[in-house]
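Line by line, the protein sequences give chains A and B. Going by numbering that gives the first Met the number 0, the first residue of the first sequence is number 0, and it counts up by one from there. Going by numbering that gives the first Met the number 0, the first residue of the second sequence is number 0, and it counts up by one from there. C-beta: ideal position from N, C-alpha, C; glycine also. All values reported here derive from a predicted model rather than from experimental measurement.
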Amino acid sequence: MTRPKQSSRKKSRPAARKRSWWSIARRVALLGTVVFAIWCVWIDYEVRRDFKALQWALPAHLYARPIELYAGARLSADELVDYLQRLGYTRSPQVSEPGRFQASASRVRLWSYSFEFWDGEEPSRYVDVEFDGNQVRELWGDQTTGQLALVRLEPVEIAQFNPETGEDRVPVSLDQVPPALLQAIIAVEDQRFYSHVGVDPIGIMRALVANIREGRVVQGGSTLTQQLVKNLYLSRDRTLARKIEEALMALALELHFTKDEILTAYMNEIFLGQEGNRAIHGFELAAEYYFGESLIDLPLDKLAVLAGLPRGASYYNPLRNPERATERRNLVLARMHSQGYITAVEYEQARNATLQTNNRPSQKGGGYPAFMELVRNDLARDYDSAALRTEGLRIFTTLDLRVQNTMESVLDSSVRAAERPARGETRDEKLQAAVVITDASTGEVRAIAGSRTSGYTGFNRALNAVRPIGSLVKPAVYLEALKSGKFNLASVLADEPISMKLPNGQLWEPGNYDNETFGDVYLYDALERSLNLATVDLGMQVGLDKVTSMLAQLGHTRKVQPYPSMLLGAVEMAPIEVAQIYQTLASNGFRSRLRAVEAVTTNKGEPLERYGIETSQIADPASMYLLEYAMQGVFQRGTAKTVANRLDNSLPLAGKTGTTNDLRDSWFAGYGDDLVGVVWLGHDDNTETRLTGATGALRVWADIMGRLDIQPRQTLPPVDVEWRRVAQYTARDPAYRDCRTTQSLPFQITHPPDITVNCEEDESLLDRFMDRFRSLRR
Amino acid sequence: MKLRLLYITALISILTACSTGRGIPAPIETRDGGEVVRNSRSNTGAAQDGEAQQGVQQGRVMPPGAQPNVYPAQSRTVITGPRPTPNPVINSNSEPMPDPISDSVPDPVPSRAPAAIINPAPQLPTQSPPDRSDIPASVQQGRQPAITAPTTPAPPALPPRRSNASNSSAPAMALLESAESAIAAGDLERAAALCERALRITPRDGYLWYRLAAIRYQQRNYDDATGFARRAASFAGPDNALTQDINVLLESAYTARGRAQ
């Protein structure tokens with residue numbers, strides 16, 4: 000900066016030159032000082048702003064869907080007791096105050112707390128619930144209220160998290176932190192914490208000397224304040240300017256906030272580990288994560304382990320590196336002892352304790368990670384981020400604990416039973432699963448599994464495993480055909496070998512699953528048995544662009560290439576996207592967007608935002624009814640017949656199997672009156688599973704839905720649908736019509752069966768005579 | 000005086016930068032004391048390199064196994080405090096409020112329309128956001144919902160209902176009752192929420208779907224009104240009174256939408 004000025008100047012006498020040099024230097028220094036001062040002011044502002052915001056960052060509370068009690072509700076006494084225990088209610092002989100309950104096999108008496116819901120307050124009430132098996136028979140209140148129509152219990156809190164970042168944290172105040180932990184941290188990280196001003200030159204010098212003497216890094220010179228600052232601005236690069244800035248920030252923090260405030264922030268903010276994609280911040284959460292206990296309950300040796308973590312949360316991770324963690328713990332204890340915080344006896348005891356960690360997945364915040372991810376996505380998509388910045392929000396989700404927990408309890412063993420390990424192996428441990436269960440009429444997501452292991456926080460397959468869906472796409476083809484009015488259930492399709500030239504010049508020659516062909520088949524039969532060649536025949540008649548647009552109407556948001564192979568499922572979707580499509584089918588052609596969040600209120604219960612059910616009709620009820628006839632046939636006669644006896648009480652149900660090339664993915668999507676379920680099984684590396692939709696996913700689906708007691712479909716025929724008799728066997732020519740054996744199928748009045756197969760009595764006498772004649776001739 | 004303090008601070012900072020900050024005893028080869036000392040003596044640029052070599056990604060030296068990206072890039076910026084927002088935070092209902100004054104559309108049957116439906120000026124459920132001492136008053140004001148004057152006319156009132164909820168289940172009836180009083184109080188979104196709650200209990204109740212449709216119509220959400228009404232129709236079955244109501248609603252929604260466009 001100075002050089003151009005310098006060269007532009009004319010040469011002058013040495014004294015003058017000396018003076019001008021001096022003045023330039025002074026000006027540069029002045030300018031630098033001004034810039035530095037502005038920088039300082041900016042840093043000061045930044046730190047104050049961010050630190051204050053930090054203190055206000057109370058987590059949002061997430062609630063599962065509350066239980067509604069009413070006569071006829073599907074709920075058993077055991078399930079209610081389990082729910083009350085999750086709410087923290089206590090069993091007691093006298094239900095004398097809120098939070099108490101008393102239970103027998105068929106009767107539960109409880110006194111609920113009041114709760115402020117989005118749509119109003121639910122008062123605290125005494126309720127006497129009588130059960131009739133798995134149903135609520137009656138509800139009684141006290142003398143004044145008498146019989147009750149409806150009681151909504153408090154919702155169970157499933158997590159606390161920061162709605163913007165998805166971080167969950169449990170903030171603690173300083174008096175909730177065991178003094179021993181504070182001492183340990185100060186002893187090992189920053190001995191002069193209470194006397195320095197944010198940066199500690201003495202500490203730095205001492206660290207330097209110690210490091211030189213040891214020939215390696217043994218001590219750090221950063222104060223707790225500096226560590227906190229670093230922790231707050233982690234995403235930034237690590238340049239010298241940054242270092243200076245951090246030191247200045249530390250000074251600014253000390254200037255504006257007390258030591259206790261800084262220490263509290265440190266306790267709550269410091270990074271202490273990583274669990275999948277979830278960052279563990281703060282000691283309370285770390286206590287929960289590493290030891291499964293609350294911070295206040297931890298003994299000295301465990302507190303020392305935690306105090307050792309800020310130095311290197313991954314390096315000293317007690318779960319993964321127990322030896323290093325123990326070594327570090329002992330160093331912390333030694334420092335505490337040498338600085339007089341603990342006695343020799345305490346020191347020896349803690350030093351010799353064996354390191355015990357918590358191996359089960361933590362529940363708080365981590366209980367339903369797959370669902371939590373969906374909640375985060377929904378919040379980001381639907382909710383104004385400014386609204387989410389309000390502290391301590393209450394987020395009401397659609398998670399149904401009964402459905403979620405039942406599904407989780409069945410899933411792993413069911414997947415294990417379906418495994419078909421490779422030859423020479425006993426198990427297929429790679430086999431993974433994803434499950435999405437939604438409410439059949441509202442589109443609310445009731446349960447999600449992103450892995451066969453519950454509580455798994457890694458790759459969430461339910462949302463992110465985008466795989467070809469195989470035959471699950473077929474209902475879209477058939478619905479488009481039925482809707483067009485050119486086809487009905489008794490339309491005759493050709494299940495014959497076909498070869499097609501694709502746009503890229505390749506020849507496409509699809510085959511049926513077992514490489515058989517069946518000749519002329521009825522449309523409904525082709526869907527029930529999932530015949531590929533007949534489906535290609537139908538799809539090409541309907542038009543590929545029509546089918547892709549039907550997929551979009553059903554709720555698929557990504558673009559699908561209209562290649563013929565798409566008709567057989569060369570369309571990639573995540574399980575949640577499949578659930579959206581089957582949701583539309585289950586609600587009889589009314590598309591409602593899947594939702595995981597119902598409403599958001601402030602911490603005082605004041606409504607902020609709500610996203611209700613939305614619905615739009617994508618197909619007429621008659622076409623939907625006809626399609627469902629065939630999809631119920633999948634269970635009665637088709638590819639899902641194998642599990643029909645297991646789901647006896649729940650039939651009729653509707654669904655579809657899906658299998659992809661080389662048996663890589665095994666799918667089943669199906670629905671009853673209350674629930675829609677999608678199950679995917681496959682390997683993360685996309686290798687062969689040796690499972691078809693029917694041998695894999697269908698069984699898992701049946702296990703889960705059987706346990707959930709899925710309700711049978713009760714779809715009433717629309718007024719413009721009537722039943723007609725058609726020939727049992729197909730014919731393309733009236734001369735070959737064979738009405739000796741017939742079957743009854745539903746038809747839209749405006750689209751009756753073709754004359755070649757129609758066996759209804761309204762035909763002419765001559766026709767009947769001809770039929771008789773033909774039957775004699777054969 | 001202040002300047003001197005700043006210079007001292009800068010000096011201290013540089014010292015800090017050079018003093019190996021947060022070290023771990025040594026799984027990384029490059030981290031030997033000699034190097035650190037040389038860095039601190041020679042120049043600060045080298046010190047930076049030294050730090051960089053140590054893989055300081057997260058405010059402390061992580062061993063090679065540590066994931067460098069454990070922190071999502073935005074994880075910090077988001078708690079950088081409240082910013083003033085032009086959007087109203089409280090927005091339970093994106094529809095503009097029906098305005099009785101701008102209602103230029105002749106009411107088909109004004110005298111017979113039930114009070115619940117032609118309730119003239121439903122209030123948006125407004126409430127103040129919780130007080131936040133960290134936000135200046137001016138910003139807090141900006142957070143108040145800005146109630147804009149509606150630009151489209153109110154939907155024409157519907158004729159009186161012929162159908163009633165007599166076929167609904169007891170819990171649904173109880174909820175419908177609350178919904179009707181919410182409508183009377185002008186809190187349409189709460190009424191919709193109550194209807195939805197009833198629908199979760201009895202999803203095949205055509206009358207509930209119809210009530211929800213009527214509420215959406217009242218909120219001028221004609222698309223959803225149409226969707227819900229069609230759905231109501233698919234559950235109406237032999238209930239002719241309900242079917243008739245639904246058809247009137249569908250027709251009104253259709254014309255209202257046409258006019259709005």
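In DSSP terms, what residue i is bridged to
i	result
Phe192/A	Answer is none; Phe192/A lacks a bridge partner.
Asp81/A	None; Asp81/A has no bridge partner.
Asn757/A	Val725/A
Trp679/A	Ala433/A, Trp666/A
Gly518/A	Asp494/A
Glu137/A	Glu129/A
Pro447/A	Note that residue 447/A is Ile in the sequence shown here, rather than Pro. Ile447/A is bridged to Val435/A.
is_contact[residue i, chain B] using C-beta, thresh 7 Å
i	result
Pro360/A	Residue placement at Pro360/A cannot be trusted, given a pLDDT of 43 that sits under 50; what the coordinates show is reported in the next sentence. So, not an interface residue.
Gln616/A	yes
Tyr610/A	no
Ala240/A	no
Glu613/A	yes
Tyr69/A	yes
Ala148/A	yes
Inter-residue Cα distance where the pair is residue i and residue j
i	j	result
Leu187/B	Gln84/A	35 Å
Gly442/A	Ser453/A	23 Å
Gln631/A	Thr456/A	36 Å
Leu652/A	Gln431/A	25 Å
Asp43/A	Arg18/A	37 Å
Ile748/A	Cys758/A	15 Å
Gln403/A	Arg451/A	13 Å
Trp722/A	Val472/A	27 Å
Tyr265/A	Ser337/A	24 Å
Ile497/A	Leu543/A	16 Å
Lys558/A	Thr437/A	24 Å
Tyr624/A	Tyr125/A	45 Å
Asp708/A	Thr396/A	23 Å
Val187/A	Thr353/A	21 Å
Gly588/A	Glu78/A	33 Å
Ile203/A	Asp189/A	10 Å
Arg724/A	Thr741/A	6 Å
Val208/A	Val344/A	31 Å
Within-7 Å CB hit, residue i to chain A
i	result
Gly226/B	yes
Asp238/B	no
Leu193/B	yes
Asp223/B	yes
Ala169/B	yes
Ser262/B	Residue 262/B is absent from the structure shown; chain B starts at 0 and stops at 260.
Arg230/B	yes
Ala212/B	no
Ser41/B	Note that Ser41/B scores a pLDDT of 37, beneath 50, so its modelled location is shaky and nothing firm can be said.
Ser233/B	yes
Arg189/B	yes
Other residues of its chain near residue i: CB distance less than 6 Å, five sequence neighbours each side excluded
i	result
Val196/A	Glu253
Tyr82/A	Ile66
Gly604/A	Glu115
Ala232/B	Ile245
Val465/A	Glu571, Ala573
Ser93/B	Interpretation of Ser93/B is limited by its pLDDT of 40, a score under 50 that renders its predicted location unreliable; no figure is taken from the coordinates.
Same chain only: Cβ atoms within 7 Å of residue i, ignoring 5 sequence neighbours per side
i	result
Pro716/A	Tyr624, Pro745
Same chain, Cβ closer than 8 Å to residue i, neighbours up to 5 away in sequence not counted
i	result
Trp507/A	Ser498, Met499, Lys500, Leu501, Pro563, Ser564
Where are the alpha helix (DSSP H) runs, 4 residues long or more, that stay fully inside the region 541-614 of chain A, in chain order? Entirely contained in the region 541-614 of chain A, the alpha helix (DSSP H) runs reaching 4 residues are, in chain order, 543-553, 574-585.
Which residue spans inside the region 646-672 of chain A form an unbroken beta strand (DSSP E) run of at least 3? Runs of the beta strand (DSSP E) inside the region 646-672 of chain A: 653-658, 664-670.
For the region 372-419 of chain A, which segments carrying the beta strand (DSSP E) assignment without a break, of at least 3 residues, lie completely within its bounds, in sequence order? Within the region 372-419 of chain A, complete beta strand (DSSP E) segments of at least 3 residues are found at 393-396, given in chain order.
Any beta strand (DSSP E) of 3 or more consecutive residues that is wholly inside the region 450-505 of chain A: For the region 450-505 of chain A, the full-length beta strand (DSSP E) segments reaching 3 residues or more read 491-494 along the chain.
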